[in-house]
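Reviewing the structure listed below.
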Amino acid sequence: MLGEIRGLNEECGVFGVFGHPDAAQLTYYGLHALQHRGQEGAGIVTTDGEQVHAAKGHGLINDVFSQNQLEELTGHASVGHVRYATAGDGGYENIQPLLFRTQTESMALAHNGNLVNAQGLKRQLEAQGSILQTTSDTEVIAHLIQRAGHMNKEEAISQALTMIKGAYSLAILTEKRMYVAMDPRGLRPLSIGKLGDAYIVSSETCAFDVIGATHVREVKPGELIIIDDNGLQATRFSEPIQRTLCSMEYVYFSRPDSNLDGKNVHASRKTMGKKLAEESFVEADVVTGVPDSSISAAIGYAEASSIPYELGLIKNRYVGRTFIQPSQELREQGVKMKLSAVRGIVDGKRVVMVDDSIVRGTTSRRIVTMLKEAGATEVHVRIASPPIKNPCYYGIDTSTSGELIASNKSIEEIREQIGADSLSFLSTDGLEAAIHDGEQSLEHGSCQACFTGNYPTEIFPSTIPPYEKE
Ligand code: SF4
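Here our numbering is used: the first residue of the sequence shown is 1244, the next is one more, and so on.
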């Protein structure tokens, strides 16, 4: 999993508990399982039914929370969040859950995804007198809910949700209740689980396993779920429309032990590798995958091509977080530290190197060079997703078009730049077939906008940064 040094970053993970005396501890473990979704900051807010308690900070879960802090986060319900911050919005105030206190009630919001109309709504809110304290989209949701304060909470939240556009998987905690919602397109995953009588909410199902909870079901697109002492009540704020779950969740972001839309991520990646082998077979001696997220696809490629899978690349697990280094030179240095080619495996061999995606091309070039320096006679690069040509506006930092190599170069030019003997990408049809077994329906469909440019929602001019408009 090298996305963090190649310019591909998930922006958040959400976790929540309702009805358990150790809500904060469980949330700590749950967030730990979601750490891959964001490493820049984390927070937990709990409620004991009367008062809310909060702790948050920069860094990894282990850095942010001490045992003492967790003990102070008392209560039977909690929401937690891990985040990756894009440039310029890494301030402490943006670390979630965002907590708002009024005379009558508190409200903590944990949000995964980006809104596409946040800028316009911010302007409207400010024109109407709201004072925004963060640069995060999530605060907009809080203000919209607050503005409908004359309604009951459920109606206020429903109304706010109909005003926001884009991607949101959301958990909101007040003193007495938890509200869980997903955008009508279902762009980001969110699931409900149970641990005894307690309800658990998580961006990914892998976190249920960690705390011993069972997966009950996914939150449905357009659904608003209310959880309180009376149990769980599901309502809708939007009629069903075509679901477009982010296909990069399958390709790269989600953990292989998670299920997305009922399908195991490892199994989907393996099928991507199989389809890739069917679409672009090449004679070779070994297949290897770039650890960690490409291993499943490499195994699939090896199975379908009958070329043995070998551990041609290994990852040094004890390197610090090199991805925060901003310059290209330092990023490349980071690749060197994180990965090694195994000479005993690749020396004198024709190697198929399977990777999940190419963003800037820098990482691929380093890996191809590394394999050749270790004696590989040929390196054939096979990418288990289509070329990423367009930026994402739904909460993935895929870099700008200018930085996306496939946006500016042909496949042959990319091959030349990364120094591979051949290069092929999975087709969009192949990806679709791997995710849905060729069976798309209203409830089961995926977004492929970063490959195709077909965005599933309107993209507002204010969402597009100036450099993308040139
Ligand atoms: S544009 Fe790409 S990264 Fe963004 S939601 Fe769609 S598939 Fe996922």
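For glycine and all other residues, C-beta sits at the position ideal for the given N, C-alpha and C.
For S1412, is the classification buried or exposed, using 16 other Cβ atoms within 10 angstroms of its Cβ as the cut-off for buried? Looking up residue 1412 in the sequence shown gives position 169. It is buried - the Cβ of S1412 has at least 16 other Cβ atoms within 10 Å.
Could you check the C-alpha separation between V1589 and A1619 for me, to the nearest Å? As a working mapping, residue 1589 is identified with position 346 in the sequence shown. As a working mapping, residue 1619 is identified with position 376 in the sequence shown. Cα-Cα distance, rounded: 5 Å.
Kindly indicate the opening and closing residues of the beta strand (DSSP E) around M1421. By 1-based counting over the sequence shown, the position of residue 1421 is 178. Taken as a continuous stretch (DSSP letters only), the beta strand (DSSP E) holding M1421 covers 1421 to 1425.
Here's the rule I'm using: 16 or more other beta-carbon atoms within 10 Å means buried, otherwise exposed. How should N1651 be labelled? Locating residue 1651 in the sequence shown gives position 408, where the first residue counts as 1. Classification for N1651: exposed.
Beta-ladder partner(s) of D1598, from DSSP: Mapped onto the sequence shown, residue 1598 falls at position 355. In DSSP, D1598 forms a bridge with I1626.
Write down the C-beta distance between V1597 and Y1544 rounded to the nearest angstrom, noting that I regard them as a contact closer than 8 Å. Position 354 of the sequence shown, counted from the start, is the residue given in the question as residue 1597. Position 301 of the sequence shown, counted from the start, is the residue given in the question as residue 1544. At roughly 5 Å, the Cβ-Cβ gap stays under 8 Å, so V1597 and Y1544 are in contact.
Simplified DSSP assignment, three categories, for Y1327: On the sequence shown, position 84 is the one that residue 1327 refers to. If DSSP states are grouped into helix, strand and coil, Y1327 belongs with coil.
Inter-residue spacing [alpha-carbon to alpha-carbon] between M1244 and A1370: Taking the first residue of the sequence shown as position 1, residue 1244 is located at position 1. Taking the first residue of the sequence shown as position 1, residue 1370 is located at position 127. For M1244, the pLDDT reaches just 38, beneath the cut-off of 50, and the residue's location in the model is therefore unreliable, although a value from the coordinates is still provided. Taking the straight line from one Cα to the other gives about 44 Å.
What I want to know is whether the C-beta of C1255 ends up closer than 8 Å to one or more non-hydrogen atoms of ligand 1. Numbered from 1 along the sequence shown, position 12 holds the residue referred to as residue 1255. Checking every heavy atom of ligand 1 against the Cβ of C1255, none is found closer than 8 Å.
Quick one: which unbroken alpha helix (DSSP H) runs of 4-plus residues sit fully inside the segment 1474 to 1552? Chain order, please. 1508 to 1522, 1538 to 1548
Can you name the start and end residues of the beta strand (DSSP E) that Y1442 belongs to? As a first step, residue 1442 is located in the sequence shown; it is residue number 199 there, counting from the start. Segment 1441 to 1445, the beta strand (DSSP E) holding Y1442.
Quick check on DSSP: helix, strand or coil for I1470? Numbered from 1 along the sequence shown, position 227 holds the residue referred to as residue 1470. In the structure shown, I1470 sits in a strand (DSSP, three-state: E or B).
Cβ distance (whole Å) where R1263 is taken to contact G1284 below 8 Å: On the sequence shown, residue 1263 is found 20 positions in, with the first residue counted as 1. On the sequence shown, residue 1284 is found 41 positions in, with the first residue counted as 1. Arg is not the amino acid found at residue 1263; the sequence shown has His there. Rounded, the Cβ-Cβ distance is 24 Å, inconsistent with contact.
Say the cut is 8 Å; is the CB of G1673 nearer than that to a heavy atom of ligand 1? As a working note, residue 1673 is residue 430 in the sequence shown. For ligand 1, not one heavy atom lies less than 8 Å from the Cβ of G1673.
By a C-beta neighbour count over all protein chains shown, 10 Å radius and 16 as the cutoff for buried, is Y1637 buried or exposed? Residue 1637 sits at position 394 when you count from the first residue of the sequence shown. By the 10 Å Cβ count, Y1637 comes out buried.
Cβ atoms of L1556 and G1532: under 9 Å apart, would you say? By one-based count along the sequence shown, residue 1532 stands at place 289. By one-based count along the sequence shown, residue 1556 stands at place 313. It is a contact, given that the beta carbons lie within the stated cut-off.
Test item: CB-CB of S1490 and R1625 under 9 Å: For the purposes of this step, residue 1490 is taken as the residue at position 247 of the sequence shown. For the purposes of this step, residue 1625 is taken as the residue at position 382 of the sequence shown. Their beta carbons are not under 9 Å apart, which means S1490 does not touch R1625 by this criterion.
Could you name the residues, in chain order, whose CB is less than 5 Å away from a heavy atom belonging to ligand 1? C1489, S1490, M1491, C1635, Y1637, I1639, C1690, A1692, C1693
With a 10 Å radius around its C-beta and 16 neighbouring C-beta atoms as the bar for buried, classify E1701 as buried or exposed. Counting from 1 along the sequence shown, the entry for residue 1701 is found at position 458. E1701 is exposed by the Cβ-count criterion.
How many angstroms separate the CA atom of Q1476 from the CA atom of I1400? Indexing the sequence shown from 1 puts residue 1476 at position 233. Indexing the sequence shown from 1 puts residue 1400 at position 157. Computed Cα separation, rounded: 15 Å.
Determine contact between the segment 1647 to 1664 and the segment 1319 to 1329, defined as no fewer than three beta-carbon pairs at a distance below 8 Å. no
Exposure of E1675, with buried meaning 16 or more beta-carbon neighbours within 10 Å: Indexing the sequence shown from 1 puts residue 1675 at position 432. E1675 comes out buried.
Is the distance from the Cβ of L1368 to the Cβ of L1352 below 9 Å? Residue numbering aside, residue 1368 sits at position 125 when the sequence shown is read from its first letter. Residue numbering aside, residue 1352 sits at position 109 when the sequence shown is read from its first letter. Taking 9 Å as the Cβ cut-off, L1368 and L1352 do not qualify as a contacting pair.
Contact under 9 Å by Cβ, E1461 with D1500: For the purposes of this step, residue 1461 is identified with residue 218 of the sequence shown, where counting begins at 1. For the purposes of this step, residue 1500 is identified with residue 257 of the sequence shown, where counting begins at 1. Going by C-beta atoms, E1461 is not nearer than 9 Å to D1500.
Simplified DSSP state of N1305, which is helix, strand or coil: Along the sequence shown, one-based indexing puts residue 1305 at 62. If DSSP states are grouped into helix, strand and coil, N1305 belongs with the helices.
Count the other CB atoms within 10 Å of the CB of I1542; is the residue buried (16 or more) or exposed (fewer)? Position 299 of the sequence shown, counted from the first residue, corresponds to residue 1542. Per the 10 Å Cβ criterion, buried.
Could you please give me the residues that DSSP links to S1412 through a beta bridge? Position 169 of the sequence shown, counting from 1, holds the residue named residue 1412. S1412 pairs with N1355, M1425.
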